[in-house]
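**Q** For the sequence shown, the positions run -26 to -1, 1 to 424 when mature numbering (1 follows the signal peptide of the UniProt record, and there is no 0) is used.
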Amino acid sequence: MKIKLSVLHAAVLAATLAVPASTAQAALPFFNSDKQEMPTLAPMLEKATPAVVHISVEGSREVRQRIPDAFRHFFGQRGQGELRQERPFSGLGSGVIIDAGKGYIVTNNHVVQDADKILVRLKDGRSFEAKKLGADPQSDIALLQIEAEKLVQIPLADSDKLRVGDYAIAIGNPFGLEQTVTSGIVSSLGRSGLNMDGFEDFIQTDAAINSGNSGGALVNLRGELIGINTAILGPNGGNVGIGFSIPSNMMKSLVDQILEFGEVRRGSLGVRGTDVNSELTDAFNLNVSRGAFVNEVLPDTAAAKAGLKAGDVIISMNGNRIQSFNELRAKIATLGAGRKAELGILRDGKERNFSVTLQQLESGQIAANELHPMLQGATLNNSEQGVEITELASDSVAAQVGLRQGDVITGVNRQRVANLAELRRILEGRQGVAALYIRRGNDDLYILLR
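#1: Output the distance between the C-alpha atoms of SER133 and LEU377, rounded to the nearest integer angstrom.
#2: Tell me whether PHE218 is buried or exposed, calling it buried when 16 or more other Cβ atoms sit within 10 Å of its Cβ.
#3: Determine the direct distance from the alpha carbon of ALA74 to that of GLU123, and round the result to whole angstroms.
#4: Sort ASP88, LEU192 and ALA373 by Cα distance to GLY351 and report the nearest one.
#5: What are the start and end residues of the beta strand (DSSP E) that includes ILE363?
#6: Tell me which residue opens and which closes the beta strand (DSSP E) that GLN119 is part of.
#7: Is it a yes or a no for the segment 68 to 83 touching the segment 109 to 118, going by three-plus beta-carbon pairs under 8 Å?
#8: Rounded to whole angstroms, what is the Cα-Cα separation between LEU(-22) and SER290?
#9: Is it the case that the Cβ atoms of residue 428 and ILE363 are separated by a distance below 9 Å?
#10: Between which residues of its own chain and LEU422 is the CB-CB distance below 7 Å, once the five residues before and five after are set aside?
#11: Is the segment 273 to 280 close to the segment 192 to 205, with three or more CB pairs under 8 Å?
#12: Determine the burial state of LEU151: buried for a count of at least 16 other Cβ atoms within 10 Å of its Cβ, exposed for fewer.
#13: Assign LEU2 to one of two classes, buried (16 or more other C-beta atoms within 10 Å of its C-beta) or exposed (fewer than that).
#14: Give a yes or no on whether the C-beta atoms belonging to GLN334 and GLY241 are separated by under 9 Å.
#15: Examine the Cβ distances between the segment 144 to 158 and the segment 13 to 30 and report whether three or more of them are shorter than 8 Å.
#16: Among residues of its own chain, excluding the 5 on either side of PRO62, which ones have a beta-carbon nearer than 8 Å to its beta-carbon?
#17: What's the C-alpha gap between SER185 and THR156?
#18: Answer with buried or exposed for TYR420, where buried requires no fewer than 16 other C-beta atoms within 10 angstroms of its C-beta.
#19: Using the three-state DSSP reduction, which class does ASP418 fall into: helix, strand or coil?
#20: Mind checking which residues open and close the alpha helix (DSSP H) that includes ILE232?
#21: Inspect the beta-carbon positions of ALA367 and LEU317 and report whether they are closer than 9 Å.
#22: If distances are taken between C-alpha atoms only, which option among VAL138, ILE183, ALA257 and MET225 comes closest to GLU174?
#23: On a Cα-Cα basis, can you pick out the residue from GLY69, THR154, GLY360 and GLY244 that is closest to ARG413?
#24: Taking the Cβ atom as the reference point for each residue, do THR331 and VAL238 lie within a distance shorter than 9 Å?
#25: Roughly how many angstroms lie between the CA atoms of ILE72 and LEU66, to the nearest whole one?
#26: Please report the residue range of the beta strand (DSSP E) in which GLY252 lies.
#27: By Cβ distance, which residues of its chain are closer than 6 Å to PRO24, with the 5 residues on each side in sequence left out?
#28: Give the DSSP-derived three-state secondary structure of MET348 in the structure shown.
#29: Output yes or no for whether 9 Å exceeds the beta carbon distance between VAL26 and ILE145.
#30: Name the two residues that bound the continuous beta strand (DSSP E) containing ILE288.
#31: Tell whether a beta-carbon distance below 9 Å holds between LEU243 and LEU192.
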């Protein structure tokens, strides 16, 4: 075997020496001359990195601590059972300049939430105090503004054109380190169900993202923004090759609403549904394996007015494929109230197109309807203990089943519930009776949803 390999190596060497130098260099890349440029991302990054900024914040947050019954009278809480204190905090993150002329910077809401002071430091070393123009906690986007000259903005890509396998480069300030660049590919699209409250339609990438990268840029090989880095999945907040970014199109829709209205006016379609799966495919003889199956069309909603029906499968929105119900929900919500959407529908084995004008999603109330019909009329929000009913219509279905304003849902059928995302996941996949475990003042009780 050794003799055969030696003969092969000799033959290769002889063949190389027998041809002109230019031909050998073309055939064997490791013979490149010093004059030939090596492949590099440096020119693109030289243009893109000045648009990514370092953000540091300072502020104070209210911290609640439960007081044992025996000690409540010492704190004068009059039976409230908890002590509230303001504690200072500081934090670090990243941001992306999307408009150099107006000084607009996009970052994650969780980077600047509750901040009293926001300091932006540019790559050239200049620092400016930023003003928060608006934010959307449910999609984790915040818009800042600084007054500065000679800024560099990053161009936006059409994130709906992304494909799994496209190259992706993450730029940010992990662990407070300045201007770190990592590379990878787009690992998946339309990711959801990450136990985060809100609207999830993430780009998944294996480009290394760590603490401090939040709010930084995910760019393509042209240096265009394809996403805002927002989360990582790994032990102790460390990178294990699974990071998530908010698509640039989703970010732009939210920023446009903040600039136009001063807030996000979330869109509502008015359907309840689920993901297309093998059981639905067999039961309804569907010729698709992905999409959003419509279980119910709520009355007097955008979907009802457009002519959608229960049993429809939504397979596209504005010409882009829909992979899941959560993806549809996120795209509808972030597109905004009053906007039009073209939906591709599969009905009775035939594809049809419907144009819908989205209505406004009332804070929490429609989301509660989507969770379970018996929650109609309740407005839900996250709290320290679980999911709190912050508003309740007196003649609503939710009130009739025994729920009250101020109730906190802490569990369902003995499964712990810490936030709206967990409550949604449990109720959407459950059939039959759901027993809500309720904390009402100092009492605990069960309320059954049938």
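By construction, the Cβ of each residue, glycine as well, lies at the ideal position given by its N, Cα and C atoms. Every value quoted in this text rests on a predicted model; they were computed, and no experiment measured them.
**A** So, to answer that:
#1: 42 Å
#2: buried
#3: Pairing GLU123 with ALA74, the inter-Cα distance amounts to about 8 Å.
#4: ALA373
#5: 361 to 366
#6: GLN119 -> beta strand (DSSP E) spans 115 to 119.
#7: Counting C-beta pairs closer than 8 Å gives three or more between the segment 68 to 83 and the segment 109 to 118, which meets the contact rule.
#8: Low local confidence applies: a pLDDT of 41 at LEU(-22) is under 50, so the model's placement there is unreliable, with the coordinate-based value given in what follows. Those two C-alpha atoms are separated by around 56 Å.
#9: For residue 428 there is no data in the structure shown, the boundaries of the chain being -26 and 424.
#10: VAL407 and ALA409
#11: Contact fails: fewer than three Cβ-Cβ distances are below 8 Å.
#12: exposed
#13: In this predicted model, LEU2 has a pLDDT of only 39, less than 50, meaning its place in the structure is not dependable; the value taken from the coordinates is given anyway. Its Cβ having fewer than 16 others within 10 Å, LEU2 is exposed.
#14: Between GLN334 and GLY241, the C-beta spacing is below 9 Å.
#15: Touching, yes, given that three or more Cβ pairs across the two stretches are closer than 8 Å.
#16: GLU32, GLY33 and SER34
#17: In this model, SER185 and THR156 are separated by some 14 Å (Cα to Cα).
#18: exposed
#19: strand
#20: Counted as a single uninterrupted DSSP element, the alpha helix (DSSP H) harbouring ILE232 occupies residues 222 to 235.
#21: No Cβ-Cβ contact shorter than 9 Å links ALA367 with LEU317.
#22: MET225
#23: GLY360
#24: no
#25: Straight-line measurement puts the Cα of LEU66 at about 20 Å from the Cα of ILE72.
#26: Gly is not the amino acid found at residue 252; the sequence shown has Ser there. Per DSSP, SER252 belongs to no beta strand (DSSP E); it is in the alpha helix (DSSP H), 252 to 257.
#27: Excluding sequence neighbours, PRO24 sits near LYS97 and VAL126.
#28: Residue state, collapsed to three classes: helix.
#29: Going by C-beta atoms, VAL26 is nearer than 9 Å to ILE145.
#30: 287 to 291
#31: no
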